[in-house]
Every structure is written in C-alpha cells, then in structure tokens.
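Peer 1: 340 is the number of the first residue of the sequence shown in our numbering; add one for each residue after it. Here a beta-carbon is modelled for each residue, glycine too, at the ideal position from N, C-alpha and C. Structure provided below as structure tokens; questions to follow.
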Amino acid sequence: MNSVFLLVRLNEDDSIFEIISAHPTKQIASNAERFYRTYTGKNVDNLRTDIHEVDFEVA
C-alpha cells in the first residue's frame with residue numbers, strides 16, 4: 340500500500356475547499372504546510388489548512 344499526503348484548505352464544515360499540494364511523506368507535507376501558512380499570512384478567508392493521507396495501490 341502506498342500513500343500520498345495532500346495539503347488542503349478546508350471549509351468550516353471540514354469539507355475540502357482546495358488541494359494545495361501533494362507530497363510523498365508526512366514530514367514534507369508538514370513543512371509545506373508551515374511554508375504555506377508563513378507565505379500566505381493569516382487566514383483572511385477563515386479557511387484552515389490540514390494534511391490528509393490518501394492510500395492507494397499500484398497495479
């Protein structure tokens with residue numbers, strides 16, 4: 340089983356508003372999230388960021 344980690348922005352009801360980026364490890368995704376928050380500054384539109392793990396199999 341393989342995984343990819345998606346950095347996403349969430350609506351207030353925790354549904355995905357936007358996929359920002361995809362990364363091979365959680366550590367890289369965490370670093371990207373930290374960079375994204377620093378780069379964009381404070382949440383002006385009240386959307387949060389989060390990391391979602393997506394599992395998949397390669398046939």
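1. Ignore the nearest five residues each way along the sequence and tell me which others in S369's own chain have a CB closer than 8 Å to its CB.
2. Between F356 and Q366, what straight-line distance do the alpha-carbon atoms span, to the nearest angstrom?
3. Check S342 in the structure and name its three-state DSSP category.
4. Report the option in D353, D352 and A371 whose CA atom is closest to the CA atom of A361.
Peer 2: Inspection of the coordinates gives the following:
1. Closer than 8 Å at the Cβ level, and outside the excluded window around S369, lie I390.
2. Answer to the nearest angstrom: the Cα atoms are 22 Å apart.
3. Strand at S342.
4. Out of D353, D352 and A371, A371 has the C-alpha closest to the C-alpha of A361.
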